[in-house]
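Worksheet for the structure shown next.
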Amino acid sequence: MLKHILFWGFLLLTSSRAHSEFSHFITREGSQLLDGDKVLRFAGLHAPELHRIEDDERGVCKADRRGWGQYFKWPTSDEQQNWIRSLVRSGQKVTRIYVLSVAQSDDVLCERQVHILPPIDASHMPRLNETAMQVFDNMIALADQEGLRLIVPFIDHWSWWGGRAELAAFYAESADDFYDPNSKTYQAYQSIIQQVITRTNSITGRKYFEEKAIMAWETGNELKDSTPEFVTPTSALIKRLAPQQLVVDGIYLTVLSTSLDDPNVDIISNHFYSSNHNNKPQTIVDNLTAIQGKKAYIVGEFGLLPLDQIQRILQGAVNVDVNGAQTSGALVWGFRGRRHNGGFYWHREGNSDYYSYHLPGFVEGAANDEQAVINALRQAQAGMLGELNAPPLPIPLAPKLRPISQNRDINWLGSPVGRQYRIERKALNDNQWQVIVSGITDGKNQYDSRVDNLFTDTQALSPGKTYVYRVIASNESGESPPSNEQLLIVADVAKP
1 MLKHILFWGF
11 LLLTSSRAHS
21 EFSHFITREG
31 SQLLDGDKVL
41 RFAGLHAPEL
51 HRIEDDERGV
61 CKADRRGWGQ
71 YFKWPTSDEQ
81 QNWIRSLVRS
91 GQKVTRIYVL
101 SVAQSDDVLC
111 ERQVHILPPI
121 DASHMPRLNE
131 TAMQVFDNMI
141 ALADQEGLRL
151 IVPFIDHWSW
161 WGGRAELAAF
171 YAESADDFYD
181 PNSKTYQAYQ
191 SIIQQVITRT
201 NSITGRKYFE
211 EKAIMAWETG
221 NELKDSTPEF
231 VTPTSALIKR
241 LAPQQLVVDG
251 IYLTVLSTSL
261 DDPNVDIISN
271 HFYSSNHNNK
281 PQTIVDNLTA
291 IQGKKAYIVG
301 EFGLLPLDQI
311 QRILQGAVNV
321 DVNGAQTSGA
331 LVWGFRGRRH
341 NGGFYWHREG
351 NSDYYSYHLP
361 GFVEGAANDE
371 QAVINALRQA
381 QAGMLGELNA
391 PPLPIPLAPK
401 LRPISQNRDI
411 NWLGSPVGRQ
421 YRIERKALND
431 NQWQVIVSGI
441 TDGKNQYDSR
451 VDNLFTDTQA
461 LSPGKTYVYR
471 VIASNESGES
481 PPSNEQLLIV
491 ADVAKP
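For the sequence shown, full-length UniProt numbering begins at 1 and goes up steadily by one.
Spelled out as structure tokens, the structure:
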């Protein structure tokens with residue numbers, strides 16, 4: 001615990017003084033989002049796990065009585081910074097994260113920490129987990145430094161991370177009571193909104209409602225049973241607490257006519273999935289027609305489609321115009337980032353053949369059309385700016401080389417927008433670096449950090465001698481600076 005406190009204290013001292021990329025809160029005028037006096041439109045990947053990781057390599061937790069509950073963990077600060085830099089350096093201005101997780105009865109057995117803890121008893125309100133919220137603080141601080149706007153939904157309709165049903169269970173109520181403004185569950189929901197928005201960020205020192213990196217608060221994820229009686233007081237509460245930030249109606253599959261005239265609602269969002277028969281460009285036309293230019297409109301999630309269908313929806317998001325109103329943003333589901341010690345996190349979407357996307361796209365993701373989907377997103381970003389083509393990727397930043405084992409397993413936190421790597425080695429007192437391998441990637445899908453390594457040096461080395469290693473990243477735009485260096489003292493051969 002002391003180590004944890006000292007770590008976040010260090011971040012507080014260093015990050016709070018860092019430069020902010022933002023001059024303005026994002027505002028809305030009619031159907032348009034504005035960054036200052038410039039129209040904001042965005043396309044990119046939905047990034048559900050910037051603040052909590054579903055650790056797919058461990059599989060299903062057998063102790064979870066639901067039969068499908070996963071293992072989760074918190075990202076490191078290095079991971080969060082790497083992911084946010086990867087998104088921004090790929091051209092992304094805005095992303096949406098996933099919800100705040102809610103405690104469930106099998107969390108302890110599955111080693112799961114969550115954001116929202118049970119109340120002391122049923123007469124009290126839920127509590128925020130301080131450890132979880134410090135990770136959330138860091139995400140916001142890094143987004144502010146790197147130039148990424150966030151859409152933050154509160155509570156899930158579903159139980160994946162714990163949602164309305166788990167919240168209701170604190171008070172022996174039903175999942176449907178979440179939508180009832182007279183229920184104890186709804187009171188708890190309002191308390192969570194207030195606790196989060198008024199929280200003081202332990203890194204920046206600002207209240208969450210003062211954070212320009214938070215573009216919008218969303219009532220929740222896919223709250224498909226929302227009613228005017230639910231949305232109206234919820235949006236009013238959010239806007240009262242955070243008047244400079246935007247509010248998204250988190251309803252799903254429909255548009256509430258009352259939200260179009262609600263002065264506290266700024267953005268109407270929809271999610272497109274084939275199971276709902278709406279995963280097509282026509283849904284954009286239908287939604288914009290229903291909204292009538294009264295609010296900004298975003299496609300908060302879509303995907304799990306062949307490349308050509310993703311391209312058509314993206315082009316619809318760029319080009320469809322209904323009486324002067326256009327889509328403000330579109331996010332493909334979903335992104336997973338690099339691991340602290342090498343490789344990528346990954347996620348298979350149900351029983352489908354679709355996997356999460358890894359930036360900047362790798363040949364290892366060919367079965368997932370990974371590079372082509374990311375290229376289509378970058379082309380959509382250009383189209384929303386009125387440009388014909390996406391700019392080249394920036395030159396990669398330096399990777400972070402991790403300590404090298406006596407087995408000479410070599411692993412590193414990869415460079416944002418780096419595609420390939422070259423590993424170099426030299427004897428400690430030599431001046432000349434030797435290339436031991438080039439053209440390798442960290443883009444393997446279904447990477448398992450328990451058994452996989454990015455590279456193992458099998459060349460003959462002199463026992464007792466000290467060697468130095470470094471890694472250089474590259475992409476089509478050039479090479480990164482060298483990574484930090486790591487030493488390896490080769491063990492002496494045991495004498496008989």
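Note that CB positions come from ideal geometry on N, CA and C, so glycine has one too.
Helix, strand or coil at residue i according to DSSP, with G and I counted as helix
i	result
Ile404	coil
Val322	strand
Leu13	Low per-residue confidence applies at Leu13: pLDDT is 43, beneath 50, and the placement is therefore not dependable, though the value from the model is reported in the following sentence. Leu13 falls in the helix class under three-state DSSP.
Ile251	coil
Phe272	strand
His4	Here His4 scores only 46 on pLDDT, less than 50, and its place in the model is too uncertain to base an answer on.
Gly316	helix
Val299	strand
Glu127	Position check: residue 127 holds Arg in this sequence, whereas Glu was assumed. It is a strand residue.
Val363	helix
Asp37	coil
Glu479	strand
Arg58	helix
Ala175	helix
Gln309	helix
Tyr354	coil
Phe22	coil
Tyr98	coil
Tyr71	coil
Tyr208	helix
Ser474	strand
Gln92	coil
Unbroken alpha helix (DSSP H) run spanning residue i, endpoints
i	result
Phe230	Pro228 to Leu241
Leu288	Pro281 to Ile291
Gly383	Glu370 to Met384
residue 497	Since the first and last residues shown for the chain are 1 and 496, residue 497 lies out of range.
Val88	Ser77 to Arg89
Thr258	Ser257 to Leu260
Arg149	No alpha helix (DSSP H) holds Arg149; the beta strand (DSSP E) holding it covers Arg149 to Asp156.
Leu167	Arg164 to Ala169
The beta strand (DSSP E) enclosing residue i, as first and last residue numbers
i	result
Trp333	Gly329 to Trp333
Gly439	Gln434 to Ile440
Asn221	Ile214 to Asn221
Lys426	Gln420 to Ala427
Asn138	Element bounds for Asn138: not the beta strand (DSSP E) but the alpha helix (DSSP H), Glu130 to Glu146.
Ile26	Ile26 to Glu29
Leu305	That residue, Leu305, is in no beta strand (DSSP E); it is neither H nor E in DSSP.
Ala43	Phe42 to His46
Leu487	Gln486 to Ile489
Contact check, residue i vs residue j, beta carbons under 8 Å
i	j	result
Leu385	Pro399	no
Asp448	Ile410	no
Glu485	Tyr469	yes
Phe302	Trp346	no
Leu314	Leu377	yes
Leu307	Val248	no
Ala296	Val255	no
Val299	Gly383	no
Ile214	Leu142	no
Val417	Pro360	yes
Val114	Trp74	no
Glu57	Arg450	yes
Leu488	Arg422	no
Cys110	Ala43	no
Phe25	Asp144	no
Thr185	Leu241	no
Glu349	Asn445	no
Supposed close pair residue i, residue j - CB separation, criterion 8 Å
i	j	result
Ala103	Glu166	7 Å
Ser415	Leu397	5 Å
Gly293	Asn323	6 Å
Gly91	Ile155	Contact doesn't hold; Cβ gap of about 31 Å is too wide.
Ser474	Arg402	Not really, about 19 Å apart at Cβ, beyond 8 Å.
Ile192	Lys224	Not a contact, Cβ separation roughly 20 Å.
Glu218	Ser269	7 Å
Glu222	His271	6 Å
Chain B within 8 Å of residue i, Cβ atoms only
i	result
Val265	The structure shown contains no chain B; it holds only a single protein chain.
With contact counted as at least three CB pairs below 8 Å, one residue from each stretch, are the segment 259-266 and the segment 223-236 in contact? Taking 8 Å as the limit for Cβ pairs, the verdict is that the segment 223-236 does touch the segment 259-266.
Does the pairing of the segment 91-102 with the segment 47-59 give three or more beta-carbon distances under 8 Å? yes
State whether the segment 202-214 contacts the segment 178-193, with contact taken as three or more CB pairs (one from each stretch) at a distance under 8 Å. no
Counting pairs of beta carbons, one from the segment 163-171 and one from the segment 116-131, are three or more of them closer than 8 Å? Under the 8 Å Cβ criterion, the segment 163-171 counts as touching the segment 116-131, having at least three qualifying pairs.
Inter-stretch contact (C-beta, 8 Å, three-pair minimum) for the segment 69-82 and the segment 106-119: yes
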